[in-house]
Structures are given as structure tokens and as C-alpha cells.
Amino acid sequence: MPPQEGVYGLLAEFNTPSELVYATQQARAAGFRRMECYTPYPVEEAAEALHFHKTRVPMVCLLGGLMGLTTAFLMETWVSYWAYPINVAGRPLESWPAFIIPAYEWTILFSGLSAAFGMFALNGLPQLYHPVFNAPNFRNGATTDKFFLCLEAHDPMFSRGGTRDFLNRFSPVSVVEVDH
Amino acid sequence: MELAHEHNGMAGAHGVTHEHAGDHAHPKARTLPASIAAPAVVAAWRTRMLLVAAVASVLSLLFLFVHGGRGHMLRAYLLGYVMTFSFAGGSLALLMLQYVSGGKWGLLLRRPLEAMARTLPGVFVLFVPIAIFQKKLYLWANYPTNAAARDAVKHFAISEEQALTTNAKRAMLNNAAFWWHAIVVFLILGLIAHLLRTWSVQRDADPAAGSQSSFDRWQKRFENLSGPGILIYVSLMTILVIEWVMSLDVTWYSSVWGLQFLVGQGYLVLATSILTVILLSKTEPMRTILRTTEQHDLGKFLFAFVMLNIYLNFAEYLIIWSGNVPDEIPWYQNRTLGGWWVIALLDFIFHWVIPFTLLLSRDLKRNKRKMIILTCFMIFARAFDLFWLIEPNFGDAARNLHLGGNIGILAYFTVPVAVVAAWTAYYLTNLMSRPLVNTNDPHLAEILEPEHAH
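If you read the protein sequences in the order shown, they are chains Z and D. Start counting the first sequence at 17; every next residue gets the next number (my numbering). Start counting the second sequence at 566; every next residue gets the next number (my numbering).
Right, here's the structure in full:
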């Protein structure tokens, strides 16, 4: 893939999470969807303003769990029925009650792992390069005391001048154009 | 993790909000409504419950004239009675739990729990018919002496094993003990419930209300009673449920029985109190008090009980299945053979599959209407589980679920409804008698904060 060029987005810097959240809510109301908040610590309101809770992680987690459940159950059935049929105190070979506990544990294991790795994958991690780090104020402030809203250029609503004016309405500390 | 995040975010965001940003991002902290008394609609619910109880009682009386109807009425009454005890006793346990654990959920549920725990005297009145008719329900009560039990074996009225276990367990299971165990336990539980209520009234009326010293003093007093109280409750409740339900089959025993009922009570009472606060939240003051965040947390708590409940039930089954000894296995055979597997399977689906899969959803836990439907269903599921526990103990029903010539079994539909509806009317009466919010509690300020997640 050729390297992307041009504008990645406009990055607005705020001093407080409240201003960030307000700007995010307004941006969403105005129709922006391709945007992201960057904060030094988790700000639940920002996540809500981005409608961040609607992700596909729960679905990945559920599918992982179901996969763990079936895998374990089928494996145990295979082991006790075909591979190593052993008579345990006269019980039937397909003794499902005894299979439940490992199947349950594999359900938890698979769903936990798929939630964690699914989250990484859906976040696009591992990612060695991200354009927002091109902004010097982001590098200095994002992990200490500044709150950033980035409206990205591939949003259909985005226009260099119009979006800058839109962001300036929320009196940010600065609005920086971020290149790819 | 999630909770920690929320709190982090909240502390940070709010601290800054008030200093710099003004009010554009957040609504202001809400104020407590002028009246925190129970809304008038509770009285209408009570009337409705009394009507339901009356109709169900009249319908139940029809079973007096049906073949086998009287026996089933008594069994169904036992089911209804165990439900009401689960409400009253379980709420006392949860009330003590929220005093020792603290947290906003406790403040939200405190009044409903207090109102339920306060029904204990009424529940004791409901116990009296069971004690009077104990010979009709319990085999060990019907053969009150060793000689009587041995004699019954000779006439093939009971099995050898039933006679031996009846005689071996007579120290605990006898006609007099059935009465005095219940009386003593109800006195002790009633005393704890009475103290908790009296202090709660005094706490509201404390002249120093709202000060840190008042919070600390009351908190300490409630904790000192509730800590030992939980231990006392669990031990005493175990004795009662062993006598009332487990001893219906005198040959069988399970060491997890008490814990299973304790968790079942938590399941039932939590569902009922969540239902109560959500229904109340259609009107003030609960509309202000119940935020979506706390409703979500309560849903997660309920989910934990759903899991713990199936864990204990399945563990009991697995252990007995693995042990495979003739002392224990017939209890499950009585409940799975001869048509009972349908009930067993439905019990599993009602009791666990449906609440478990639904409560996984974040949106459902935050939705009032769906939570109302689900909690109602969970109350039904608990009663359904009790049906599966109670009915197969009797000779005519064990390994033989049938309706033909056994129309009396339908009493399970009407009698428990009558008993539980009558109890609910009593509960709602108690609920109306106090303000719905405990104002002398530090958590109140937290609950009145604007909701941080919209």
C-alpha cells in the first residue's frame, strides 16, 4: 500500500474534559462520525459522547465463548467416546455432566481471550505509527493534562476551512492540522 | 475495571467542571424532591394485589372438591409459604449485607428491603397451618414414634429405609421441634429486623443528621449488628429450610441445601427489590433517585446471583451424580423420570438460561421496561424451581408427572399466587409507611450527582 498523504484531520486541544465532551457532543450532533477523543485518563463521558459503547467486542467475546464451549464439549466427547473409551464405574461413555466443568472453563477462557485480543484487533493494534503524534502539542499534552478532539479528514462532513471554524466555536487552546 | 474507570472519569470530570467550564457540558446536581414519601400509586398496587389474592383464594377453594385436591392444596401452600419466607428472610439477609458492604445500591434498595423484612411476623402466621397439618406433609411427622415407624414397615406403608432414617433423624425431625424451632428462629430474626428498623427510624430523626459524626455513629451501629446477624441468619435459616423442604423426603440429605436456599433468596429478593424501585421510578421521589448507572449496577449484581445459583445447583447434581450411591440418586430420579424431565429442563431454562443470556446485555440492564419484565419472570422462575423441589417428594408424584386423574396438581397455579399476592399487599403496606429515601446517609449526595454517562 502506498503511504497516505495529505491531511489526517484537525486536532483541537482543550484544557478540561468538560469542554472536550461538549465539543464532541456538538460534533456528533452536527453529523461528524469519524472522530476520536484523546485524554490522559479514562473519561466516561467522552466515550459516551462518541457512542463508544457500541463496539463489536461483545460479539467477538460471545462468539469466542460459544467456540470454547463447543470445542471443549466435542473434544471431551471425542476423548471419552472414540479415542480412549474407559468404563468409569459403569457410567455411560457420553457422560455429559462430567463434561460441563471443562466446557464451562473453556467458555470463560475463550471468551476472555477473544475479548482481549478482539479488542486489540478492533483497535488496530499493534500500531507503530499514528498521525496525531505529528502534532507537537499532542506529544506533550496527551498523556499529562490536555484533552484532544480529532475530527478526521475522511469524514464526509470534513472540510479544511469549515471544520476549523466549527472547532473554533468551542474556544479550544489550539486547532492543529495533522498530516498523515 | 469498568467501575474503576467510571469513578476515575467521574472524579476528574466533575472536579474540573465546577471550577472552569460552567454548566454547558453537564446538568447541575439534582435536588431531592420535596416529598420523599411513597407515591399514592403504591396504595393502588396494594388494592390490586388484594384483589388478585381474593380471586386466587376463591379459585383455590374449588380444589377442596377435587380428587386429591386437598393434599395438593397443602403442598402448593407450602410452596407459597416458602416463597414468602424467602422474601422476608432473604430481604433481612440482603439488608444486613448492604449495611456491612456499603455502597449506593444499598441506599437505593434499603427501604424495599426493610419493608420486606418487616413482614416476618405475617410470615410466621402463614407458618401455622403448615405446623398444624404437618402430618399430612411429612412422613416423619406422620409416624411420630420409633414403634409407629417400625409398625408401618410391617404393613408396607413405608419402606425399611424410610423407617430407619425417620427414627435416626428424630432428634431434629419431630412434631414438637417443628413448632419450637420455627418459633425460636422467628423470634431471633424478628428481633434483628426490629432493631434494624428502630435504628433506621432513629437515624432519620437524628438531630445531627447530615454530619460526619452522625454517619459514622449509625454506620458503626448497623455494622455491629449486621455482621454477626448474617452469620446467625444463615445458620438458622438452614435449619428451617431443611425441616420445611428437604425433610419432605426423609431419606435424602444434601450439605449444600441451606446455601442453595440462601442464594435462591438473594436471587428472588434482589429481583423483587429491583422490580420495586424501577416501578416506583415512574413517579417521584424514585424518579430522581434511581439513575441508569445504578440500575445497571443492580443488573450486574442480579447476574451474579443467577450465576451463583446455577453453580450451586449444578455442583450438587454433579457431586451426587459422580458419587452414584443409592442413598442420594433416587432424589434426582424422582425429579427426572416419568415426565419430570420436562419440568427439570424447563426449570433449567427458566431459572438460568433466560436470565443469564438476557442479563449479558448492557442495554437490557439499562432499560426499565425490559428489566421489569425480566425481574417478574425471575420471581416466577424461583417459584417454578420450588415446584420441582417440592412436588416429586410425594409418592404419587415421584417419577410420575401426570394430570389425568390428578387435577388437584393445578392447585400449584392458584394457591401460591394467593399466598404471594397477600404477602405482597402486606409488603406494600410496609413500604408506604416510611419515606422512600434514607436522607441521613453519605451516599445520598453521590446519588444526587448528575449522571456522568449519558
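The beta carbon of each residue, even a glycine, is placed where N, CA and C say it ideally should be. Quick caveat, the model's predicted, so the values are computed rather than measured.
Judged by beta-carbon spacing, V189/Z lies beyond the 8 Å limit of R180/Z, meaning their Cβ atoms are not closer than that value. Going by DSSP, A946/D is part of no beta strand (DSSP E) but of the alpha helix (DSSP H) stretching over K933 to I955. The shortest C-alpha to C-alpha distance from T730/D to any of V828/D, Y818/D, P1000/D and Y991/D is the one to Y818/D.
It is roughly 35 Å from the alpha-carbon of A608/D to the alpha-carbon of L824/D.
Using a Cβ-Cβ cut-off of 8 Å, L883/D is close to P113, A114, I116 and I117 of chain Z, given in chain order. Apart from the 5 residues on each side of it in sequence, F149/Z sits with its Cβ closer than 7 Å to the Cβ of R155 in its chain, given in chain order. Chain D places a beta carbon closer than 8 Å to that of A105/Z, counting this residue as a contact.
Take the alpha-carbon of L678/D and the one of N971/D: they are about 39 Å apart.
The three-state reading of DSSP puts D161/Z in coil, since its state is none of H, G, I, E or B. Restricting attention to M851/D, M681/D, L867/D and H967/D, the CA atom closest to the CA of L923/D is found in L867/D. In the three-state DSSP reduction, M737/D falls in the coil class, being neither helix nor strand. The continuous beta strand (DSSP E) containing A28/Z extends over residues V23 to F30. For S656/D, the closest C-alpha among the options V834/D, A747/D and V810/D is that of V834/D. Distance from the Cα of C53/Z is smallest, within the candidate group P108/Z, F68/Z, G47/Z and A119/Z, for F68/Z. Shortest Cα-Cα distance from S34/Z to any of T55/Z, F48/Z, L26/Z and L27/Z involves T55/Z.
Between A28/Z and the set P152/Z, G178/Z and F163/Z, the nearest pair of CA atoms involves F163/Z. Residue-level contact by beta carbon fails for W764/D and chain Z, as no gap is shorter than 8 Å. Comparing alpha-carbon positions, the option among P1007/D, Y664/D, A653/D and G960/D lying closest to R786/D turns out to be Y664/D. Taking the C-beta atoms as reference points, A594/D is found no nearer than 8 Å to P920/D. A straight-line Cα-Cα distance of about 8 Å links A88/Z and Y120/Z. Contact check for L754/D and V828/D: beta-carbon distance about 18 Å, past the 8 Å limit, so the pair fails to qualify. In the DSSP assignment, C53/Z is bridged to L165/Z. Membership of S190/Z in the beta strand (DSSP E) is indicated by the continuous run S190 to D195.
Taking a Cβ-Cβ cut-off of 7 Å, the neighbours of N889/D in chain Z comprise A105, given in sequence order. Residue range L704 to N707 is occupied by the alpha helix (DSSP H) that includes N707/D. Contacts with chain Z at 8 Å (Cβ-Cβ) include W886/D.
F913/D is outside the set of residues whose beta carbon lies under 8 Å from a beta carbon in chain Z.
Close to chain Z, meaning a Cβ-Cβ distance shorter than 8 Å, are the following residues of the stretch 865 to 880 of chain D: F879. Boundaries of the alpha helix (DSSP H) around I695/D: L685 to I697. Using a Cβ distance threshold of 8 Å, L660/D and L738/D do not count as a contacting pair.
Looking at the DSSP output, P1000/D shares a beta bridge with A602/D. Between R72/Z and D171/Z, the gap from beta carbon to beta carbon reaches 8 Å or more.
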